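S.K.:
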Amino acid sequence: MSRKSLFSTIGKRDPQVPETPAPLVNRVRARPILGSPDLIADSTATPVGAIGQSLGEVSERAKRAEEIEKKLTEGQVIIELDTGLVDPSFVADRMPVSDQALAGLTEKIRDHGQLNPILVRPHPDAAGRYQVAFGHRRLRAVKALGLPVRAVVRALSDEQLVVAQGQENHEREDLSYIEKALFARRLEQRGFSRATIMAAMSIYKSDLSNMLSVATKIPEEVIDAIGPAPGIGRRAWLELVSLIAEEGRAAAIQQAIADPGFSALESEARFKQVIAATKPQPVKAKAESWSTTDGRMLAKVTQDEDRVSLTIDRRKSPEFAEFVLTRLRDLYAEFKAGA
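Numbered by full-length UniProt numbering, the letters in the sequence shown go through residues 1 to 339 in order.
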């Protein structure tokens, strides 16, 4: 299904209003909004998904998210709904958010009101109820304040709902890589085509493949234990995929997440702890001193899995050091003769 046909009933432009081409933006990647069939041309862009952006890029993403919301809600009547009648989307796009993490948004709405409406559709399976396309965090914040939620109601198919949900959330800078990967996996598990998933998330085919690899090859309990890890990007998660595939690493990870102090760490620190658990710990070199009968040290032998080192202090035992050096060839010849 093409993006154009997917959005045939939403976000239409008034034919009387001429379309003004958008200016080129210097971005890592710019994707079309709401069903536009073409990518925005950018000769300097590369199709490498990146979570970290400059402040300018974050600002641009926020503007695009607002544009998506405006495109979907413009010209529609905003109504107030009882939050008890509004259900979440049938596919989650975020990991669970604590009340503390939601406190900032709740306080903002308390002080200034809910400035932007959420988008809902009539619930397909429950008459008189509604289902959220986007605005889940706003819904939670308003519900916590005991207020009705300001919403736009539109008739959306399942495909239209997930594309609206995905594209709006994709432009929010606080959605982490692993949350996007989990959203992609949930959509695939629901039977949506990869074309629809790419449209929903505004990503390339290679990006989707990487996300699905991360979300399917890393055990769900490990992802849940780590959490959203907002500062951890694609490369780090793919590294974890590779490490988990190596023999014996799964047990080390389970031991790490079972540690009583693991859950007390911040999400990013938990990820780093898991990575550290998958890597072999260096074996501490063993050191042994050789001394004379009167206690004077002659040499120190240090050995690990890879090498043996003999250290002689020339200042304390210059004659012995010279003797060992001159005997090395003879010692090796004796070794070979006895082999």
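Beta carbons: idealized from backbone N, C-alpha and C, even for Gly. Predicted, not measured: the structure shown is a model, and the values here were computed from it.
(1) Using the C-alpha atoms, what's the distance from Q76 back to K272?
(2) Which residue marks the beginning of the beta strand (DSSP E) containing P318, and which one marks its end?
(3) Counting only the same chain and skipping the five closest in sequence on each side, list residues whose C-beta sits under 7 Å from that of A215.
(4) Count the C-beta pairs between the stretch 216-225 and the stretch 252-266 that are closer than 8 Å, then say yes if the count reaches three, no if not.
(5) Use the C-beta contact count for W290: other C-beta atoms within 10 angstroms, 16 or more gives buried, fewer gives exposed.
(6) Assuming Y177 is part of the alpha helix (DSSP H), what are its boundary residues?
(7) Can you check whether the CB of I109 is closer than 9 Å to the CB of R147?
(8) For F262, does the three-state DSSP call read helix, strand or coil?
(9) Mapping DSSP to helix, strand and coil, what is M211?
(10) Within this structure, are the beta carbons of V149 and I178 separated by less than 9 Å?
(11) Please report how far the alpha carbon of V132 lies from the alpha carbon of E239, in whole angstroms.
(12) Nearest to P122 by alpha carbon, out of Q114, K143, A199 and P88?
(13) Could you tell me which of D313, R307 and D304 sits nearest to L298, measuring between CA atoms?
(14) Taking only beta-carbon atoms, is L187 less than 9 Å away from chain C?
(15) Would you kindly work out how many angstroms separate the C-alpha atoms of A164 and D306, rounded to a whole number?
(16) Looking at C-alpha atoms only, which residue of V86, R315 and E334 is the closest neighbour of V153?
(17) Give the single residue among V91, L102, R140 and I78 whose Cα lies nearest to the Cα of N116.
M.R.: Reading from the atomic positions:
(1) Whole-angstrom Cα-Cα distance: 46 Å.
(2) Per DSSP, P318 lies in no beta strand (DSSP E) segment; the continuous alpha helix (DSSP H) that holds it begins and ends at P318 to G338.
(3) Same-chain partners within the cutoff: A181, L182, A184 and R185.
(4) A contact between stretches requires three or more CB pairs, one per stretch, nearer than 8 Å, and the stretch 216-225 meets this requirement with the stretch 252-266.
(5) Under this definition W290 is an exposed residue.
(6) If you look at Y177, you'll find it in the alpha helix (DSSP H) that goes Y177 to Q189.
(7) Reading off the sequence shown, one finds Leu at residue 147, where the question assumed Arg. Yes, the Cβ-Cβ distance between L147 and I109 is below 9 Å.
(8) Residue state, collapsed to three classes: coil.
(9) Helix at M211.
(10) Their beta carbons are not under 9 Å apart, which means V149 does not touch I178 by this criterion.
(11) Answer to the nearest angstrom: the Cα atoms are 35 Å apart.
(12) Here the closest residue by C-alpha is P88.
(13) Closest by alpha carbon: D313.
(14) Annotation note: the requested chain C is absent from the structure, which comprises a single protein chain.
(15) A164 and D306: Cα-Cα distance of roughly 57 Å.
(16) The candidate whose alpha carbon is nearest that of V153 is V86.
(17) Out of V91, L102, R140 and I78, the CA that lies nearest to the CA of N116 is found in I78.
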